[in-house]
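Quick note, the sequences are listed as chains A and B, same order. At position 80 of the first sequence (counting the first as 1) the number is 80 in the working numbering, and the numbers step up by one without a gap. At position 181 of the second sequence (counting the first as 1) the number is 564 in the working numbering, and the numbers step up by one without a gap. C-beta atoms are modelled at their ideal positions from N, C-alpha and C, and glycine is treated no differently.
Number of protein chains: 2
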Amino acid sequence: MFASDSLQSEMFGRHCARILKARYCSTPWSSSGHCWVPRDISAAVPLDPLLLVADEYAVLADRLQRTIVAELPKLAPNAELFFKMLVKERRFQPSVLLLMEKAMDVPTPTQASRHCADVSPIRIFSGQQCIPEIAEMSNIYNFVRHNMLDDADTRYQASFLNLFLGTKLSVLVGDFLLSKILVILASTKNSEVQSILSKVVEHLVMGEAMEITSSSEQLCSIAHYLEMVYYKKASLLANSCKAIAILAGKDEEITIMASNYGRYLGYAYHLMDDILDIAGISASSGNLSSDIASRMFGAPMLFAIEEFPELRRVVDCRFKNPSELEFGLECLRKSGGMQRTRELATKYAGLALEAIETFPRTNNNKDAEVSRQVLVELARKII
Amino acid sequence: MFASDSLQSEMFGRHCARILKARYCSTPWSSSGHCWVPRDISAAVPLDPLLLVADEYAVLADRLQRTIVAELPKLAPNAELFFKMLVKERRFQPSVLLLMEKAMDVPTPTQASRHCADVSPIRIFSGQQCIPEIAEMSNIYNFVRHNMLDDADTRYQASFLNLFLGTKLSVLVGDFLLSKILVILASTKNSEVQSILSKVVEHLVMGEAMEITSSSEQLCSIAHYLEMVYYKKASLLANSCKAIAILAGKDEEITIMASNYGRYLGYAYHLMDDILDIAGISASSGNLSSDIASRMFGAPMLFAIEEFPELRRVVDCRFKNPSELEFGLECLRKSGGMQRTRELATKYAGLALEAIETFPRTNNNKDAEVSRQVLVELARKII
Numbered sequence: 001m002f003a004s005d006s007l008q009s010e011m012f013g014r015h016c017a018r019i020l021k022a023r024y025c026s027t028p029w030s031s032s033g034h035c036w037v038p039r040d041i042s043a044a045v046p047l048d049p050l051l052l053v054a055d056e057y058a059v060l061a062d063r064l065q066r067t068i069v070a071e072l073p074k075l076a077p078n079a080e081l082f083f084k085m086l087v088k089e090r091r092f093q094p095s096v097l098l099l100m101e102k103a104m105d106v107p108t109p110t111q112a113s114r115h116c117a118d119v120s121p122i123r124i125f126s127g128q129q130c131i132p133e134i135a136e137m138s139n140i141y142n143f144v145r146h147n148m149l150d151d152a153d154t155r156y157q158a159s160f161l162n163l164f165l166g167t168k169l170s171v172l173v174g175d176f177l178l179s180k181i182l183v184i185l186a187s188t189k190n191s192e193v194q195s196i197l198s199k200v201v202e203h204l205v206m207g208e209a210m211e212i213t214s215s216s217e218q219l220c221s222i223a224h225y226l227e228m229v230y231y232k233k234a235s236l237l238a239n240s241c242k243a244i245a246i247l248a249g250k251d252e253e254i255t256i257m258a259s260n261y262g263r264y265l266g267y268a269y270h271l272m273d274d275i276l277d278i279a280g281i282s283a284s285s286g287n288l289s290s291d292i293a294s295r296m297f298g299a300p301m302l303f304a305i306e307e308f309p310e311l312r313r314v315v316d317c318r319f320k321n322p323s324e325l326e327f328g329l330e331c332l333r334k335s336g337g338m339q340r341t342r343e344l345a346t347k348y349a350g351l352a353l354e355a356i357e358t359f360p361r362t363n364n365n366k367d368a369e370v371s372r373q374v375l376v377e378l379a380r381k382i383i
Numbered sequence: 384m385f386a387s388d389s390l391q392s393e394m395f396g397r398h399c400a401r402i403l404k405a406r407y408c409s410t411p412w413s414s415s416g417h418c419w420v421p422r423d424i425s426a427a428v429p430l431d432p433l434l435l436v437a438d439e440y441a442v443l444a445d446r447l448q449r450t451i452v453a454e455l456p457k458l459a460p461n462a463e464l465f466f467k468m469l470v471k472e473r474r475f476q477p478s479v480l481l482l483m484e485k486a487m488d489v490p491t492p493t494q495a496s497r498h499c500a501d502v503s504p505i506r507i508f509s510g511q512q513c514i515p516e517i518a519e520m521s522n523i524y525n526f527v528r529h530n531m532l533d534d535a536d537t538r539y540q541a542s543f544l545n546l547f548l549g550t551k552l553s554v555l556v557g558d559f560l561l562s563k564i565l566v567i568l569a570s571t572k573n574s575e576v577q578s579i580l581s582k583v584v585e586h587l588v589m590g591e592a593m594e595i596t597s598s599s600e601q602l603c604s605i606a607h608y609l610e611m612v613y614y615k616k617a618s619l620l621a622n623s624c625k626a627i628a629i630l631a632g633k634d635e636e637i638t639i640m641a642s643n644y645g646r647y648l649g650y651a652y653h654l655m656d657d658i659l660d661i662a663g664i665s666a667s668s669g670n671l672s673s674d675i676a677s678r679m680f681g682a683p684m685l686f687a688i689e690e691f692p693e694l695r696r697v698v699d700c701r702f703k704n705p706s707e708l709e710f711g712l713e714c715l716r717k718s719g720g721m722q723r724t725r726e727l728a729t730k731y732a733g734l735a736l737e738a739i740e741t742f743p744r745t746n747n748n749k750d751a752e753v754s755r756q757v758l759v760e761l762a763r764k765i766i
């Protein structure tokens, strides 16, 4: 599976990327700048496709962490743990966008400026180069708000993040990120891209609003759930890929295909994540927490409810005790929930693959071609 | 005093505006469109200068309320009370900006489109016409966050707003407003204005961050307090006036003066508000609440601390009991806190007056000239 689950795996990823880079830099194509380009393109796609941009992602993430901590110094004592908590959520989307930028041959900042330690992202990045940064910020915002709002009104169970950061700081980190996205977007000077990317933030907030304001009936509907997944996850990839294509000067057909790739890959990734979440719970032998209730509430459970309507009661009560959790998992095992989720993820991954395969080959730019193949590989891995 | 304290006063203001409008519409200048223009300009400035734009403000506020409630239907049951709670905060800044637009002769939407009931602000307003809307949204954001963050971490005293809306909805209303500002800004298609207005939002969040993350030492410093007032209040008027001047095609000198007018009027208004807050508390005979502690914490008290350092202790503890409140008020009465605050407000109002008086007269546009005189009058009223 390509989604890394811990900082250790992330660090291992970067280590592997360095080894791969060292290997490929001895090929004839290595003279094309800082990019590592192999002799045989198909052999260049690493086992974890995101490794290709692991270095770029690490620099981006580090710089953003430093900016947040510098401007919100109260976060500093808990910063390391805070950023570890959200590492799983964060890597996938910005990495896909870094790959899309390479595949579209969008100029990126030099390694030198990316490694510059004392500048904020706003000063380095303008135009297209801001898109993976905005995705990273959106992911952190999503994580902070989801964790905060998930439990803020329950009387006996404060969310771990709230206990850890305090309500004030939790609220403030989210606001800080939205205000920085606004400043970065204002600096892009491309009104079409601004309009597209502003939708991403609008959708993130709409997604949270749906989660909070929907009726119990709506929350148990798979159609409603997929709409929420679009607002909270897939819109970010869809609209960001679209913006990258526009900035790269691609025609309308390619722009639509880029948007489709982002949208369907976003759905597929999230649905596979739902499956992994449930698998993790099965192995945790009924160790109840609000986090488990939240992870149970995904596509597999919603499909299972269609077969076992009595599940609604325990889902509505958020699996208050171990026996309810056991009942939920039992119904899930008997149902086709996991299988149907896998089929849906495969369908979406197929649509993503279809979209990316329409992209024209760029044989005169081997770096772009490798990135395109990695994007193909990402969709294939889900199928 | 020109700041209205209740919805009743607001409604009374609109009623007066209608009477004044009816009176002036019989003059020879009334043929200049929907604007009411008097025979003698100096006689046109009403007792409450904001009455001149009371109708425009009412339409703007109503439409925004409807948009918020339509997109966050969970707010609907408490919407009327919610918007009443924040009416005092809201009217001043958008009204000043509506006046500045008129004084700068910026084209505004027709009354017809302003009265259109079923459209969102985003669809009606683009370019310069969005600035008072953004101010209105920023004010609501400010109100929601200030009330939420002020008490969110105290164990025994939840803020009234949190109890009333619930933490989730409180957080969400703020996020919703930030995301809508982002969408509106993206639609303006003027990168200079976007860059200026994005600072307003950045400053609002920085102001909240300062309030939460500052040390007790910093929170008792008048210089630090004035910096916070800039971020939370004066920046909105300063940067919005600047943006209006740029959109009106004014030269650099006028643009700087417009920004200065907004900045100093913002300071002066806030300091006078601090004085009124304390006056209100004096008359409330020690009826303690978190709101009172918050209102005690303004410029008069910070000046008083310079004379009575022992006040620090009760300010740090946020006036936990009536005797501490009485002690605080007693020190304040003995100190020059109120007088020094008044002097500072007068100084800032003088600077605002100086700035607006440099604006060239627009005798060929009587409507603009009346608005300019009303802006002069606003600064004079404080002095």
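_Proximity winner among B/C714, B/F680, B/R716, relative to B/D767 (alpha-carbon distances)_ = The requested residue 767 of chain B is not part of the displayed model; chain B covers only 384 to 766.
*Take the Cβ of B/Q756 as the centre, count every other Cβ of all protein chains shown within 10 Å, and call the residue buried at 16 or more, exposed below.*
Mapped onto the second sequence, residue 756 of chain B falls at position 373. Its Cβ being crowded by 16 or more others within 10 Å, B/Q756 is buried.
_Spatial neighbours of B/A518 within its chain, please: C-beta separation below 7 angstroms, excluding the five flanking residues on both sides._
The residue you call residue 518 of chain B lines up with position 135 of the second sequence. Excluding residues within five positions, the ones whose Cβ falls inside 7 angstroms are Q476, P477, L480, L619, S623.
*If you compare alpha carbons, which of B/A459, B/L464, B/L482, B/P456 is closest to B/D438?*
As a working mapping, residue 438 of chain B is identified with position 55 in the second sequence. Out of B/A459, B/L464, B/L482, B/P456, B/L482 has the C-alpha closest to the C-alpha of B/D438.
_Per-residue contacts from A/S187 into chain B (C-beta, under 7 angstroms)_ = Mapped onto the first sequence, residue 187 of chain A falls at position 187. Per Cβ cutoff of 7 angstroms: S578.
_Status (buried if at least 16 other CB within 10 Å, exposed otherwise) for B/S414_ = Here residue 414 of chain B refers to the residue found at position 31 of the second sequence. In this predicted model, B/S414 has a pLDDT of only 29, less than 50, meaning its place in the structure is not dependable enough to derive any value.
*Which first and last residues belong to the alpha helix (DSSP H) in which B/C624 is found?*
The residue labelled residue 624 of chain B in the question sits at position 241 within the second sequence. Run containing B/C624: 618-630, per the alpha helix (DSSP H) assignment.
*Quick one: any contact between the stretch 339-349 of chain A and the stretch 265-285 of chain A, if contact means 3 or more CB pairs under 8 angstroms?*
Between the stretch 339-349 of chain A and the stretch 265-285 of chain A there are three or more C-beta pairs closer than 8 angstroms, enough to call the two in contact.
*asked:* Using the three-state DSSP reduction, which class does A/K189 fall into: helix, strand or coil?
replied: Indexing the first sequence from 1 puts residue 189 of chain A at position 189. In this structure, A/K189 counts as coil in the three-state DSSP scheme.
*Do you know offhand how far A/I281's Cα is from A/L329's?*
The residue given as residue 281 of chain A occupies position 281 in the first sequence. The residue given as residue 329 of chain A occupies position 329 in the first sequence. The straight-line gap separating the alpha-carbon atoms of A/I281 and A/L329 is approximately 9 angstroms.
*Alpha-carbon to alpha-carbon, B/L587 and B/Y614*: Along the second sequence, read from residue 1 onward, the residue named residue 614 of chain B stands at position 231. Along the second sequence, read from residue 1 onward, the residue named residue 587 of chain B stands at position 204. Computed Cα separation, rounded: 6 angstroms.
_Is there a Cβ of chain B sitting closer than 8 angstroms to that of A/V376, yes or no?_
Here residue 376 of chain A corresponds to residue number 376 of the first sequence, with the count starting at 1. No - not a single Cβ of chain B is within 8 angstroms of the one on A/V376.
*Thinking C-beta only, is B/L560 closer than 8 angstroms to B/I523?*
As a position in the second sequence, residue 523 of chain B is number 140, starting the count at 1. As a position in the second sequence, residue 560 of chain B is number 177, starting the count at 1. Their beta carbons are under 8 angstroms apart, which means B/I523 touches B/L560 by this criterion.
*Return helix, strand or coil for B/R701, following the three-state DSSP convention.*
Position 318 of the second sequence, counted from the first residue, corresponds to residue 701 of chain B. In the structure shown, B/R701 sits in coil (DSSP, three-state: anything other than H, G, I, E or B).
*asked:* Does A/S179 pass the burial test, meaning 16 or more other C-beta atoms within 10 Å, or should it be called exposed?
replied: Counting from one through the first sequence, the residue named residue 179 of chain A turns up at place 179. Under this definition A/S179 is a buried residue.
*Which runs of the beta strand (DSSP E) spanning at least 3 residues fall entirely within the stretch 435-469 of chain B, listed in chain order?*
Listed in chain order, nothing qualifies, since the stretch 435-469 of chain B has no complete beta strand (DSSP E) run of 3 or more residues.
*Spatial distance of B/Y608 from B/R695 (CA atoms)*: Counting from one through the second sequence, the residue named residue 608 of chain B turns up at place 225. Counting from one through the second sequence, the residue named residue 695 of chain B turns up at place 312. Roughly 15 angstroms separates the two Cα atoms.
*Report back the beta-carbon spacing between B/A628 and B/M487 to the nearest angstrom; my notes put them in contact at under 8 angstroms.*
Counting from 1 along the second sequence, the entry for residue 628 of chain B is found at position 245. Counting from 1 along the second sequence, the entry for residue 487 of chain B is found at position 104. B/A628 to B/M487, Cβ: 6 angstroms. Contact.
*asked:* By the three-class DSSP mapping on this structure, what secondary structure does A/G337 have?
replied: The residue labelled residue 337 of chain A in the question sits at position 337 within the first sequence. Reduced to three states, the DSSP call for A/G337 is helix.
_Beta-carbon within less than 6 angstroms of B/K616's beta-carbon, same chain only, minus the 5 sequence neighbours each way: which residues are those?_
Within the second sequence, numbered from 1, the residue matching residue 616 of chain B stands at position 233. By the criterion of a C-beta distance shorter than 6 angstroms, B/K616 is surrounded in its chain by G649, H653, once the five residues flanking it on both sides are discounted.
*Cut-off 7 angstroms between Cβ atoms - residues of its own chain near B/D657, not counting five sequence neighbours on either side*: As a working note, residue 657 of chain B is residue 274 in the second sequence. Counting only residues of its own chain and dropping the five nearest sequence neighbours on each side, B/D657 has a CB closer than 7 angstroms to the CB of G681, A682, P683, T724.
*Comparing alpha-carbon positions, which option in A/L182, A/S191, A/I212 lies nearest B/G847?*
Since the displayed chain B opens at 384 and closes at 766, residue 847 of chain B lies outside it and no answer follows.
_Determine whether the beta carbon atoms of B/D558 and A/G174 lie at a separation below 8 angstroms._
Here residue 558 of chain B refers to the residue found at position 175 of the second sequence. Here residue 174 of chain A refers to the residue found at position 174 of the first sequence. By the CB criterion at 8 angstroms, B/D558 and A/G174 fall inside the cutoff.
_With a threshold of 8 angstroms between beta carbons, is A/T213 in contact with chain B?_
On the first sequence, residue 213 of chain A is found 213 positions in, with the first residue counted as 1. Closer than 8 angstroms to some Cβ of chain B, the Cβ of A/T213 qualifies, so yes.
*Within 7 angstroms of chain A by C-beta, residues of the stretch 587-612 of chain B in sequence order*: For the stretch 587-612 of chain B, which is checked against every Cβ of chain A, the residues closer than 7 angstroms are V588, E591, A592, I595, T596.
*asked:* To the nearest angstrom, how far is the alpha carbon of B/I451 from that of A/V171?
replied: Locating residue 451 of chain B in the second sequence gives position 68, where the first residue counts as 1. Locating residue 171 of chain A in the first sequence gives position 171, where the first residue counts as 1. Take the alpha-carbon of B/I451 and the one of A/V171: they are about 20 angstroms apart.
*What residue from B/M611, B/I579, B/L443, B/E484 has the CA that sits closest to B/N525's CA?*
Sequence index remark: in the second sequence, residue 525 of chain B carries index 142 (1-based). Looking at the Cα atoms, B/M611 is the closest of the given residues.
*Does DSSP put A/V370 in a helix, a strand or coil?*
In the first sequence, counting from the first residue as 1, residue 370 of chain A sits at position 370. Assigned with DSSP and collapsed to three states, A/V370 falls in helix.
*asked:* For a test of the three-state rule: what should DSSP assign to A/C220, helix, strand or coil?
replied: Locating residue 220 of chain A in the first sequence gives position 220, counting from the first residue. In the three-state DSSP reduction, A/C220 falls in the coil class, being neither helix nor strand.
*Can you list the residues of chain A that B/K457 reaches, using a CB-CB cut of under 9 angstroms?*
Your numbering for residue 457 of chain B matches position 74 in the second sequence. Correct list: A209, I212, T213.
_Taking the alpha-carbon of A/Q258 as reference, which of A/V53, A/I356, A/I305 has the nearest alpha-carbon?_
In the first sequence, the residue the question calls residue 258 of chain A occupies position 258. One detail in the question is off: residue 258 of chain A reads as Ala in this sequence, not Gln. The shortest CA-to-CA distance from A/A258 to any of A/V53, A/I356, A/I305 is the one to A/I356.
*With B/I567 and B/E516 assumed to form a contact (beta carbons below 8 angstroms), what rounded beta-carbon distance in angstroms separates them?*
Here residue 567 of chain B corresponds to residue number 184 of the second sequence, with the count starting at 1. Here residue 516 of chain B corresponds to residue number 133 of the second sequence, with the count starting at 1. Indeed they touch by this definition, with Cβ atoms about 7 angstroms apart.
*Along the chain, where does the alpha helix (DSSP H) that runs through A/E307 open and close?*
Start at 1 with the first residue of the first sequence, and residue 307 of chain A comes out as number 307. Per DSSP, A/E307 is one residue of the alpha helix (DSSP H) stretching across 299-307.
*In the structure shown, what three-state DSSP assignment does A/K102 receive?*
Here the question's residue 102 of chain A lines up with position 102 in the first sequence. Correct three-state label for A/K102: helix.
*Quick one, are the C-beta atoms of B/A569 and A/S198 less than 8 angstroms apart?*
As a working mapping, residue 569 of chain B is identified with position 186 in the second sequence. As a working mapping, residue 198 of chain A is identified with position 198 in the first sequence. A Cβ-Cβ contact shorter than 8 angstroms links B/A569 with A/S198.
*asked:* Using CA atoms only, rank isn't needed, just tell me which of A/R318, A/F319, A/K334, A/E202 is closest to A/F303.
replied: One-based indexing of the first sequence puts residue 303 of chain A at position 303. Nearest C-alpha to A/F303: A/K334.
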